[in-house]
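A.B. asks:
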DNA sequence: GTCTATATCCTGATAGAC
DNA sequence: GTCTATCAGGATATAGAC
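Chains as they are written, first to last, in the UniProt record's numbering: chain A, 1 to 196; chain B, 1 to 196.
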């Protein structure tokens with residue numbers, strides 16, 4: 001009944017704030033424990049090991065991102081804006097509390113050669129979520145026949161926006177460029193559609 | 001005068017083959033030494049420390065990539081194909097001897113929070129090389145006024161292609177999608193040019 | 001569920017001989 | 001320039017009490 005979050009949630013918060021900004025391997029368990037103000041044994045009781053903690057933090061983060069994306073989709077006025085809503089969603093999500101260096105999921109994928117099962121599953125869920133929703137949102141814009149292709153392009157562009165953060169680009173700049181790139185692709189498909 | 005490469009080159013080869021596929025942090029110095037068949041002291045005599053070795057391997061790799069890209073540009077027939085030559089260059093480069101998991105430079109950037117000076121310099125050179133050459137190649141295709149913008153789009157798209165490798169995509173698939181994405185962007189700029 | 005204290009291993013890097 | 005042998009520190013994870 002006190003205001004203090006549980007040790008479990010403090011651990012997840014600390015893991016997110018440290019491991020997803022500094023890198024998982026570069027973040028010793030000790031530092032997570034110190035920040036969470038939690039004893040080692042408590043971490044292993046809850047999550048089994050370090051990877052279990054990271055996997056759970058990643059799952060939670062994926063859910064939060066999904067929610068932020070859906071909010072931005074709801075706020076959009078046209079089908080086209082809904083399809084492009086990932087880009088404003090990214091900047092608004094990143095300006096919120098949690099700021100990974102680029103993308104938590106891709107970051108973990110990049111430094112984990114052979115991920116455990118739960119970790120691999122969460123990582124593929126990220127790609128799956130993006131692909132599925134892009135496809136769904138693309139149908140009213142370019143038609144069902146081209147929805148798969150447009151989804152593939154958007155996934156690549158969005159991944160490129162995230163990668164640009166590693167190249168030192170600002171989220172706003174990368175996101176704006178990506179949105180414009182996506183616009184060209186959508187226009188290209190739309191015009192070939194009206195022409196056909 | 002024997003056929004055996006020098007200890008220095010064996011170290012660079014081993015570092016490239018191990019650190020850029022398994023990750024730098026996940027690759028202990030011991031394993032590099034073992035693969036290179038070299039004693040620890042030799043590594044530190046040549047490169048100072050682990051980061052020095054990685055930085056040098058990255059520089060060498062960047063040069064090789066540049067050469068491969070230039071070859072592909074020379075082989076292209078039209079201005080447009082020269083601008084799009086990065087994509088076939090990527091697949092041909094990756095099918096060669098050295099195969100990083102996605103991109104050696106971005107991979108190092110992803111797991112290095114605070115890179116040392118030589119490492120940071122090499123990383124920014126990668127982005128700089130891409131940006132400068134894209135701009136140069138874009139001029140005859142879309143004109144000098146739009147060359148900067150097109151270069152920014154191509155950098156993002158190319159970064160996206162590399163990132164797709166982390167999502168499990170094949171190089172051929174990612175490269176083909178990226179080339180198509182770039183085509184839409186170029187066509188968009190070219191048509192607005194002829195319209196203006 | 002949580003803490004204190006510790007076990008165990010492995011890492012990057014160095015000393016000193018040749 | 002290269003080797004053998006080793007140091008000192010820090011990593012993950014566990015034991016056992018409360």
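Note that the Cβ used here is the ideal one computed from N, Cα and C, for glycine as well.
Fair warning: this is a prediction, and the values are worked out from it, not measured in the lab.
My guess is that residue 198 of chain A and residue 23 of chain B are in contact by the Cβ rule of under 8 Å, so how many angstroms apart are they, rounded?
C.D. replies: There is no way to answer for residue 198 of chain A, as the model of chain A reaches only from 1 to 196.
A.B. asks: Check this for me: beta carbons of residue 105 of chain B and residue 74 of chain B, under 8 Å apart or not?
C.D. replies: The count along the second chain starts at 1 and reaches residue 105 of chain B at position 105. The count along the second chain starts at 1 and reaches residue 74 of chain B at position 74. No.
A.B. asks: Got a sec: is the Cβ-Cβ distance from residue 184 of chain A to anything in chain B below 8 Å?
C.D. replies: Numbered from 1 along the first chain, position 184 holds the residue referred to as residue 184 of chain A. Yes, residue 184 of chain A lies at the interface with chain B (some Cβ there is under 8 Å from its Cβ).
A.B. asks: Exposed or buried, residue 178 of chain A, counting other C-beta atoms within 10 Å across all chains shown (16 or more means buried)?
C.D. replies: In the first chain, counting from the first residue as 1, residue 178 of chain A sits at position 178. Result: buried.
A.B. asks: Using 8 Å as the threshold, is the region 31–44 of chain B in touch with the region 65–81 of chain B, meaning 3 or more CB pairs across them?
C.D. replies: Contact fails: fewer than three Cβ-Cβ distances are below 8 Å.
A.B. asks: For residue 114 of chain B, which of helix, strand or coil comes out of DSSP?
C.D. replies: For the purposes of this step, residue 114 of chain B is taken as the residue at position 114 of the second chain. Residue 114 of chain B: coil per DSSP, three-state reduction.
A.B. asks: Could you tell me whether any Cβ in chain B is nearer than 8 Å to the Cβ of residue 177 of chain A?
C.D. replies: Against the first chain, residue 177 of chain A aligns to sequence position 177. By this cut-off, residue 177 of chain A is an interface position.
A.B. asks: Taking the alpha carbon of residue 78 of chain B as the reference point, which residue from B:153, B:95, B:139, B:191 has its own alpha carbon closest?
C.D. replies: Within the second chain, numbered from 1, the residue matching residue 78 of chain B stands at position 78. When only C-alpha atoms are compared, the closest one is B:139.
A.B. asks: Would you verify that the beta carbon of residue 89 of chain A is, or is not, closer than 8 Å to some beta carbon of chain B?
C.D. replies: Translated into positions along the first chain, residue 89 of chain A becomes position 89. Closer than 8 Å: no.
A.B. asks: Residue 102 of chain A to residue 82 of chain A, Cα distance in whole Å?
C.D. replies: Working through the first chain from its first residue, we reach residue 102 of chain A at position 102. Working through the first chain from its first residue, we reach residue 82 of chain A at position 82. Taking the straight line joining both Cα atoms gives about 23 Å.
A.B. asks: In whole angstroms, give me the CA-to-CA distance for residue 135 of chain A and residue 150 of chain A.
C.D. replies: Numbered from its first residue, the first chain carries residue 135 of chain A at position 135. Numbered from its first residue, the first chain carries residue 150 of chain A at position 150. Their Cα atoms are separated by approximately 7 Å.
A.B. asks: Cutting at 7 Å between CB atoms, please list the residues of its own chain near residue 112 of chain A, excluding the five before and the five after it.
C.D. replies: Position 112 of the first chain, counting from 1, holds the residue named residue 112 of chain A. Here the set comprises 119.
A.B. asks: Can you confirm whether residue 167 of chain A, when its beta carbon is compared against all beta carbons of chain B, has any partner nearer than 8 Å?
C.D. replies: On the first chain, residue 167 of chain A is found 167 positions in, with the first residue counted as 1. Output row for residue 167 of chain A: interface = yes.
A.B. asks: Between the region 6–24 of chain B and the region 51–64 of chain B, can you find at least three pairs of beta-carbon atoms closer than 8 Å?
C.D. replies: Because the criterion of three Cβ pairs below 8 Å is met, the region 51–64 of chain B and the region 6–24 of chain B touch.
A.B. asks: The alpha helix (DSSP H) spanning residue 37 of chain A covers which residue range?
C.D. replies: In the first chain, the residue the question calls residue 37 of chain A occupies position 37. Here residue 37 of chain A belongs to no alpha helix (DSSP H), and DSSP marks it neither H nor E.
A.B. asks: Taking the C-alpha atoms as reference points, what is the distance between residue 62 of chain A and residue 38 of chain B?
C.D. replies: For the purposes of this step, residue 62 of chain A is taken as the residue at position 62 of the first chain. For the purposes of this step, residue 38 of chain B is taken as the residue at position 38 of the second chain. Each residue's alpha carbon lies about 44 Å from the other.
A.B. asks: Taking the C-alpha atoms as reference points, what is the distance between residue 87 of chain A and residue 94 of chain B?
C.D. replies: Taking the first residue of the first chain as position 1, residue 87 of chain A is located at position 87. Taking the first residue of the second chain as position 1, residue 94 of chain B is located at position 94. The straight-line gap from Cα to Cα measures roughly 30 Å.
A.B. asks: Compare the C-beta of residue 22 of chain B against all C-beta atoms of chain A and say whether one is closer than 8 Å.
C.D. replies: To locate residue 22 of chain B, count along the second chain from 1; it is residue 22. True, the Cβ-Cβ gap to chain A drops below 8 Å.
A.B. asks: For residue 122 of chain B, return the contacting residues in chain A, with the cut-off set at a CB-CB distance below 9 Å.
C.D. replies: As a working mapping, residue 122 of chain B is identified with position 122 in the second chain. Ordered by position in chain A, no residue passes the 9 Å Cβ test against residue 122 of chain B, which lies about 13 Å from the chain.
A.B. asks: Relative to the C-alpha of residue 107 of chain A, which candidate in B:52, B:165, B:84 has its C-alpha closest?
C.D. replies: Walking along the first chain from the start, residue 107 of chain A turns up at place 107. Nearest C-alpha to residue 107 of chain A: B:165.
A.B. asks: For the alpha helix (DSSP H) holding residue 238 of chain A, just list the boundary residues, first then last.
C.D. replies: Residue 238 of chain A lies beyond the range of chain A shown here (1 to 196); nothing can be said about it.
A.B. asks: May I ask you to list, following chain order, the residues of the region 110–135 of chain B that have a beta carbon less than 7 Å from some beta carbon of chain A?
C.D. replies: Taking 7 Å as the Cβ-Cβ cut-off against chain A, the residues of the region 110–135 of chain B that qualify are 110, 111, 113, 127.
A.B. asks: Could you give the DSSP three-state label for residue 191 of chain A: helix, strand or coil?
C.D. replies: By 1-based counting over the first chain, the position of residue 191 of chain A is 191. The answer is helix: DSSP assigns residue 191 of chain A an H, G or I state.
A.B. asks: Going by beta-carbon coordinates alone, are residue 182 of chain A and residue 154 of chain A separated by less than 8 Å?
C.D. replies: Residue numbering aside, residue 182 of chain A sits at position 182 when the first chain is read from its first letter. Residue numbering aside, residue 154 of chain A sits at position 154 when the first chain is read from its first letter. It is a contact, given that the beta carbons lie within the stated cut-off.
A.B. asks: With 16 as the cutoff for other CB atoms within 10 Å, does residue 194 of chain B come out buried or exposed?
C.D. replies: Your numbering for residue 194 of chain B matches position 194 in the second chain. With fewer than 16 other Cβ atoms within 10 Å, it is exposed.
A.B. asks: Output yes if chain A places a C-beta closer than 8 Å to the C-beta of residue 48 of chain B; else output no.
C.D. replies: Here residue 48 of chain B refers to the residue found at position 48 when the second chain is read from its first residue. So, not an interface residue.
A.B. asks: Please confirm whether residue 53 of chain A and residue 36 of chain A have their CB atoms less than 8 Å apart.
C.D. replies: Counting from 1 along the first chain, the entry for residue 53 of chain A is found at position 53. Counting from 1 along the first chain, the entry for residue 36 of chain A is found at position 36. No.
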